[in-house]
Structures are given as structure tokens and as C-alpha cells.
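Chains as they are written, first to last, in the numbering used here: chain A, 1 to 21; chain B, 1 to 181.
Worksheet for the structure shown next.
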Amino acid sequence: GTRIVYDRSRLMQLRNSPLAR
Amino acid sequence: TFRPAPKPGEGEHPLQYNYALWFSRRSQSNKTVRYDQNLKFIASFASVEQFWNIYSYIVRPGDMTGHVDYHLFKEGIRPMWEDDANKHGGKWVIRLKKGLASRCWENLILAMLGEQFMVGEEICGAVISIRFQDDILSLWNRSNDQAIISRIRDTLQRVLNLPPNTIMDYKSHTDSLKDTS
């Protein structure tokens, strides 16, 4: 099946999303 | 006590696996306390946003003192050799000079959460151990398949960008059990 993959830059980008606060 | 991860919220980005974060501190007063009784559950999470939310509240490993460990393991795997997922496998052990723990821990867990190791179900969890001398970073996997162990090492070297003279060793948990040092 497909795997949910995030590279480091994507994870860092999502760090700033309002949902992460 | 352990609490399973909440479902990812509306608009959140789910992770491939849910994870649980644990903490342990060894001191004079609890030296005789059993290892598993010394493990304190912090939180578990199922999405990128839940992870960052928890991570923002936690003291960075490099800012900790004394004999302290953070354990980040897939939900359902206890951070102990004896767990069924761990007992046939082992761990890459990386010795870190003081000052590297926080950066390397973050790089390691982001690679684990983001499925950068590409070894299927093999990864069990990661541990950062703050000690008096060097700190110790480790990544635990299920089997002792040499091809998988080498592939994990290659990804570790890529994602951690360690200083050239950094010591990396692979230790199977059965060796750890025999090790009386």
C-alpha cells in the first residue's frame, strides 16, 4: 500500500501552521 | 498511565503511525526502581500538528541535566528490550559529544515520523539518553537482517549529518541483555 511520507522541510513547514499551536 | 493518540483533527496531516513519547530519569533515590516503573508516559499523537503541539512543550534534551532519557516509540511498542517488537532486533547506537543532542534528536525523530528510512515496519522507536560524559542517540528496529541494518545506517548518516569522527555501533538486544558492564 502507499505510505505517508514527509521530508524534513515539509514537517518544518507544517510546524508553523495554526493547527500545530 | 498510557493514553492512546486522539484521531487527527480536521485539516491535520496524519502520520503513517501513531507514536507515544516517554520520559525516564535515573537518580540516587530511584536507582533500585525497576526500569519499566521508571518510565513516565508524556503523550501520544497521530498527526504532524499534534506532534509539534506536544514537542513545543517539552524541554530540549540538550537542556536537560543528570541521567535522563526520552523514548519515542510507535504506539503499541513499549520502549523496552523485552517487548515482542524489540526482542529479536537491536539498535543503532550513536555517541554524541555534548551540544549535539537536541539537533540530532530532532533530525532523527523527524526522519522517523516522516518515514524516511524506507524499511517498511522495521523501525520501532528512538531514544535520546543524556549522560554525564557523552550523550547517546539510538534507533531501534525489529529484526537483525543485515541488509535492513545497513539501509538504516545509511539513512541515519544522511539525515543526521554527524561530525566525521562520530562513533556508530549496532547492538542487538540479546547482546545488550548479556552485557554486564
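Glycine included, C-beta positions come from ideal geometry on N, C-alpha and C.
Asked: Enclosing alpha helix (DSSP H) for D69 of chain B [first to last residue]; Found: Taken as a continuous stretch (DSSP letters only), D69 of chain B belongs to no alpha helix (DSSP H), being part of the beta strand (DSSP E) at 67–74.
Asked: Selected residue, minimal CA-CA separation from W92 of chain B, among B:L15, B:L110, B:S24, B:Q146; Found: B:Q146
Asked: Cutoff 8 Å: G9 of chain B Cβ touching any chain A Cβ; Found: yes
Asked: Every unbroken beta strand (DSSP E) inside the segment 79–143 of chain B [3 residues or more]; Found: 90–96, 123–130, 135–141
Asked: From B:W52, B:E10, B:F117, residue whose alpha carbon lies closest to that of V159 of chain B; Found: B:F117
Asked: Residue closest to M80 of chain B, alpha-carbon to alpha-carbon, out of B:A5, B:P163, B:F23; Found: B:F23
Asked: Interface partners of H13 of chain B on chain A, CB under 7 Å; Found: L14
Asked: Length of the line joining the Cα atoms of G125 of chain B and G90 of chain B; Found: 11 Å
Asked: For F51 of chain B, the three-state DSSP class (helix, strand or coil); Found: helix
Asked: Cα-Cα separation between Y57 of chain B and I167 of chain B, rounded to whole angstroms; Found: 31 Å
Asked: Under 8 Å between C-beta atoms of Y35 of chain B and E75 of chain B; Found: no
Asked: Contact check, G114 of chain B vs L19 of chain A, beta carbons under 8 Å; Found: no
Asked: Anticipated Cβ contact below 8 Å, R15 of chain A with W52 of chain B, distance rounded; Found: 5 Å
Asked: Proximity test, I109 of chain B beta-carbon vs the ligand MG heavy atom, cut-off 7 Å; Found: Absence of the ligand MG from the depicted structure is noted, as is the absence of any ligand whatsoever, leaving it without description.
Asked: Spatial neighbours of S138 of chain B in its chain, beta-carbon cut-off 6 Å, leaving aside the 5 residues before and after; Found: K91, V93, V127
Asked: Any chain A beta carbon closer than 8 Å to N53 of chain B; Found: yes
Asked: Spatial distance of V27 of chain B from V59 of chain B (CA atoms); Found: Reading off the sequence, residue 27 of chain B comes out as Ser, not Val. Distance between the alpha carbons of S27 of chain B and V59 of chain B: 18 Å.
Asked: The segment 12–31 of chain B: positions lying closer than 7 Å to chain A by Cβ; Found: E12, H13, P14, L15, Q16
Asked: Cutoff 8 Å: E115 of chain B Cβ touching any chain A Cβ; Found: yes
Asked: Under 7 Å by beta carbon: chain A residues contacting L177 of chain B; Found: By Cβ distance, chain A contributes nothing, its closest Cβ being about 32 Å from L177 of chain B, past 7 Å.
Asked: 8 Å Cβ cut-off: residues of chain A touching E49 of chain B; Found: L14, S17, L19, A20
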